[in-house]
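What follows is a single structure, written as structure tokens, with notes after it.
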Amino acid sequence: MTRKQEKERGNLRRKLGTVNLAEKLRFVEMGKVTPPTKKRNKRKQVPCESVKILGATVSCEADHWYVSIQMEIKKPLPPTPGPVVGVDVGVKQAAVVSDGRVLENQKPLARHLNKLGKLQRHLSRKQKTKDPHTGKTTFSENYQKQRVKVARKHQQIANIRRDIQHKFTTELARTCGTIGVEDLNLLGMMANRKLSRAVPDAAMGQLLQFLKTKMARAGGRSSSPHAGSPRPNAVRLVRMSKSACRSTNLIYLRNDN
């Protein structure tokens with residue numbers, strides 16, 4: 097195992113050898129995959145002519161192993177273009193669509209903050225020693241076990257947030273032809289100490305990235321236009337649910353752009 101694999105989270109890319117019905121994967125370091133000789137192994141292989149398997153990436157997160165398989169699929173013809181909508185993301189409401197759909201901010205970090213803090217306090221009390229000569233820190237077995245518990249709680253919070261955003265962006269990509277989003281300064285918003293925890297908890301950048309990827313996959317477009325202005329120069333008011341345009345002197349609601 098390499099040094100990168102020994103860390104809590106690391107990726108390892110390998111060429112995929114075999115995918116069978118027993119939900120087992122076989123990887124090869126180099127060369128082509130030898131065909132199975134036994135009849136029982138031949139029956140396990142899944143034939144699929146429309147999908148070409150390129151490889152796989154093995155990752156470890158919170159002491160759990162995952163496999164992401166890369167495939168080459170023939171892209172079908174894009175469907176008829178859907179309606180044009182605008183999406184506004186924020187902290188109070190994760191996303192507001194101009195057609196009336198609203199994604200409420202579930203705040204998974206805020207909901208699990210007490211439990212996470214308790215686990216981290218227990219971790220800080222576990223024994224760890226530092227060698228004065230080499231400077232290397234040695235962690236006890238209980239420290240390693242508690243570290244895994246903290247990592248799994250972080251993973252649970254991230255999975256809750258990712259699951260909600262995946263479902264919402266998939267629905268938008270299937271029902272909309274063009275989606276306009278605003279250009280956010282997330283680093284500037286995180287500089288505000290009152291929003292420094294709420295902004296990462298909302299994961300607005302991840303939501304926009306999911307939306308961009310799925311719109312491109314569905315054949316649609318995602319941009320950042322402004323509804324009543326020749327260029328996107330609207331000023332976002334953080335304390336209010338409105339935006340003001342400098343060129344037209346008009347005030348829009350959040351779901352009008």
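Residue numbers (our numbering): 97 to 353.
Idealized CB from N, CA, C, for every residue including glycine.
Bear in mind that the values here come from a model prediction, so they are computed numbers and not experimental data.
Simplified DSSP state of residue i, which is helix, strand or coil
{"i": "Thr234", "result": "strand"}
{"i": "Glu267", "result": "helix"}
{"i": "Lys188", "result": "coil"}
{"i": "Pro328", "result": "Confidence in Pro328 is poor, its pLDDT being 36 and thus under 50, which makes the residue's placement too unreliable to answer from."}
{"i": "His262", "result": "helix"}
Limits of the alpha helix (DSSP H) - the one that residue i falls within
{"i": "Lys310", "result": "Met300 to Ala314"}
{"i": "Gln216", "result": "Leu209 to Ser220"}
{"i": "Leu283", "result": "Leu282 to Met286"}
Of the listed residues the options, nearest to residue i (C-alpha basis)
{"i": "Pro204", "options": "Thr271, Arg257 and Leu307", "result": "Arg257"}
{"i": "Lys188", "options": "Cys156, Ile165, Pro177 and Ala206", "result": "Ala206"}
{"i": "Thr234", "options": "Thr225, Gln240 and Lys241", "result": "Thr225"}
{"i": "Leu150", "options": "Gln166, His160 and Gln240", "result": "Gln166"}
{"i": "Pro296", "options": "Ala254, Phe264, Leu268 and Ala269", "result": "Ala254"}
{"i": "Ser164", "options": "Lys308, Lys170 and Ala152", "result": "Ala152"}
{"i": "Ala313", "options": "Arg270, Val244, Leu291 and Asp159", "result": "The sequence as given places Arg at residue 313; Ala does not occur at that position. Ranking the options by Cα distance to Arg313, first place goes to Arg270."}
The beta strand (DSSP E) enclosing residue i, as first and last residue numbers
{"i": "Gly276", "result": "Thr274 to Val277"}
{"i": "Gly151", "result": "Val147 to Glu157"}
{"i": "His160", "result": "His160 to Ile169"}
{"i": "Leu199", "result": "Val198 to Glu200"}
{"i": "Lys224", "result": "Lys224 to Lys226"}
Buried or exposed by the 16-neighbour rule on C-beta atoms within 10 Å, applied to residue i
{"i": "Val192", "result": "buried"}
{"i": "Glu168", "result": "exposed"}
{"i": "Val277", "result": "buried"}
{"i": "Thr230", "result": "exposed"}
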